[in-house]
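For the sequence shown, the residue numbers in the working numbering are 527 to 706. Working notes, structure below.
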Amino acid sequence: MASASDPPQDPASDPKPRKYRRAEVPAGLNIPMCLCGDICILREARDCAYYFGRRFFMCANYDHEPPPGKYQGDGRPWLDLEQTPEKRAEVYRIHREAVQDFLREEQWEREKQEFIERKRKEAEARRQYAEEQRLRREEAERRAAADREAERERKRERARRAREAGPDAQRKGKWPRCTQ
């Protein structure tokens, strides 16, 4: 059981957050009986609301929320009629931390979206660059093929002219006549 000297536990750090926790019964306090005939237990509200830190009696047969209609009035026989300033300050601190967590999470989401968008743009730029490189290679290959075909055609034309000129045309060439 938690004693009065224990520091209050942050509900956000609880592994399994609960709305209530057991509270220490002060000496000399009359403990009421439940409608079912059992002695009530003292609980402390941990739900971050206007009743945070307030103590109330609850049937020992219910580990969590009692069924509707179990208590009259607002549903709980409150021992503390209002929050202590320390509990109110703790609620405000928890609220501020929750808002800061929310803002950090929003910032993280924005950064995540920016990162995803930047990666998408980079991937698009890489794809576009690869496409441009492929088109340049294909164009260079087409030009090289056209140049090779033009060179072949030029050589064929030269060979056709040489055949049409006949065998005497072979004597005319780059060598001096004395060596032919």
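C-beta: ideal position from N, C-alpha, C; glycine also. This one's a predicted model, so the numbers in the text were calculated from it and none came from an experiment.
**Item:** Opposing strand residues paired with C585 [DSSP bridges]
**Value:** C566
**Request:** Could you pull out every residue in the same chain whose Cβ sits closer than 7 Å to the Cβ of E657, ignoring the five residues on either side in sequence?
**Result:** none
**Item:** Cβ-based burial, R581 [other Cβ within 10 Å; buried from 16]
**Value:** buried
**Request:** Return the residue from the list E665, M584, E664 that minimises the CA-CA distance to A549.
**Result:** M584
**Message:** In the DSSP assignment, the alpha helix (DSSP H) including F578 goes from what residue to what residue?
**Reply:** First-last for F578: undefined, no H or E at that position.
**Asked** In or out: A672 buried (at least 16 other Cβ within 10 Å) or exposed?
**Response** exposed
**Item:** Limits of the alpha helix (DSSP H) - the one that V617 falls within
**Value:** 611-691
**Item:** C-alpha distance - R636 paired with P552, whole-angstrom precision
**Value:** 50 Å
**Request:** Leaving aside the five residues before and after A688 along the sequence, list all residues of the same chain whose C-beta is less than 6 Å from its C-beta, in chain order.
**Result:** none
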